[in-house]
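Undergrad:
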Amino acid sequence: MVMATFSTGGSNPIHGRDPGPAPPNTRQFLQSSFQPGFQAGSNPFLNGHAFSGTNGPYNSGCVVYFVPYPTPSGMPMAQLQARNFTTPPRVPRALPAIEPAMPAANMTNSNGGVGCEPGYNYFFPPEHTKIIVMQCNTPPWRLPANATFPTIACHISTKTTIAELMAGFGAINPEKHKNSVTEVIQKGNGGWVKGLSFSGAEKKELKQTVGEVGWDKTRSGLPGQKPVIYLYFTRG
377 MVMATFSTGG
387 SNPIHGRDPG
397 PAPPNTRQFL
407 QSSFQPGFQA
417 GSNPFLNGHA
427 FSGTNGPYNS
437 GCVVYFVPYP
447 TPSGMPMAQL
457 QARNFTTPPR
467 VPRALPAIEP
477 AMPAANMTNS
487 NGGVGCEPGY
497 NYFFPPEHTK
507 IIVMQCNTPP
517 WRLPANATFP
527 TIACHISTKT
537 TIAELMAGFG
547 AINPEKHKNS
557 VTEVIQKGNG
567 GWVKGLSFSG
577 AEKKELKQTV
587 GEVGWDKTRS
597 GLPGQKPVIY
607 LYFTRG
């Protein structure tokens, strides 16, 4: 007998997986416990086996059979058949922990979990830029040469406004002028210089997108393209 689990919920690199239950009447995918990442219907090693859904995290009472069927290559594949599939109602859960340096790391869904709604995918914007956020208490251009500090690296949609960017990295002090984002440029020999900067008090400028101010898809760091963007945020 082969055991399986339902693949639901979402995840992100800071808080990991959200194993929240699926919405009602949502068709789920199944994974083998010894073949992570495979859909059961395309795994030839599961032919002829069956398992009970009562052992899964939702206790659904579902019984699934893997029935061999021929393929053009002659190798038997597995076909998924299910009956009596039901899912329990979703229940409230605690809100995810917020990372103060990057609240945008969370996508809180209506189930209270992290990531997309269970059973939903995310439609990614077509163009992104690469940003590395420097996490240091002293502005990088005031640090000694070759100073070290933690960073956060992100792909960000070029349609993101400066205001959204600042809020996404926690620059949300009610005293607007204390919020800022500044591009930091390498000057060589381990040093940095201050570049383009925006204040939270600049209402007109904050409506611009990152792509419009030059933080666009060409800032990839790849050969023949512009360097990756380094940013420093202040929050008060």
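Residue numbers (our numbering): 377 to 612.
Glycine included, each C-beta is placed from N, C-alpha and C at the ideal position.
Under 8 Å, do Ala521 and Asn565 count as touching if we go by C-beta distance?
TA: A contact, by the Cβ cut-off of 8 Å.
Undergrad: Rank Gly587, Arg595, Lys570 by C-alpha distance to the C-alpha of Phe609 and give the top, closest one.
TA: For the residues Gly587, Arg595, Lys570, the minimum Cα distance to Phe609 belongs to Lys570.
Undergrad: For Thr585, which residues in the same chain have their Cβ closer than 8 Å to its Cβ, ignoring the five residues on either side in sequence?
TA: Hits under 8 Å: Thr534, Lys535, Thr536, Thr537, Ile538.
Undergrad: Is Lys554 helix, strand or coil by DSSP?
TA: In this structure, Lys554 counts as helix in the three-state DSSP scheme.
Undergrad: What's the C-alpha gap between Thr527 and Asn487?
TA: Approximately 31 Å, taken between the alpha carbons.
Undergrad: Give the secondary structure of Lys506 by DSSP, where H, G and I count as helix, E and B as strand, and everything else as coil.
TA: Looking at Lys506 - three-state DSSP - the assignment turns out to be strand.
Undergrad: In the structure shown, what three-state DSSP assignment does Ala529 receive?
TA: Residue state, collapsed to three classes: strand.
Undergrad: Is the distance from the Cβ of Thr505 to the Cβ of Trp591 below 8 Å?
TA: Cβ distance < 8 Å, so Thr505 and Trp591 count as in contact.
Undergrad: Where does Lys619 sit, in a helix, a strand or coil, going by DSSP?
TA: Because the chain in this structure spans residues 377 to 612, residue 619 falls outside the shown range and cannot be described.
Undergrad: In whole angstroms, what separates the C-alpha of Leu607 from that of Phe500?
TA: One C-alpha to the other measures close to 23 Å.
Undergrad: Alpha carbons only, please: which of Lys579, His531, Gly600, Val589 is nearest the one belonging to Thr558?
TA: Taking only the C-alpha atoms, the option nearest Thr558 is Val589.
Undergrad: Opposite Glu493 in the DSSP bridges: which residues?
TA: In DSSP, Glu493 forms no bridge with anything.
Undergrad: Does Gly546 have its Cβ less than 8 Å from a Cβ in chain D?
TA: Absence of chain D from the displayed structure is noted, only one protein chain being present.
Undergrad: Cα-Cα, which of Ile532, Val509, Met510 is closest to Pro502?
TA: Nearest option by C-alpha distance: Ile532.
Undergrad: List the residues that DSSP assigns as beta-bridge partners of Tyr606.
TA: Note: Tyr606 sits in a beta bridge opposite Ile508, Val560.
Undergrad: Decide if Asn497 is buried, meaning its Cβ has at least 16 other Cβ atoms within 10 Å, or exposed.
TA: It counts as exposed.
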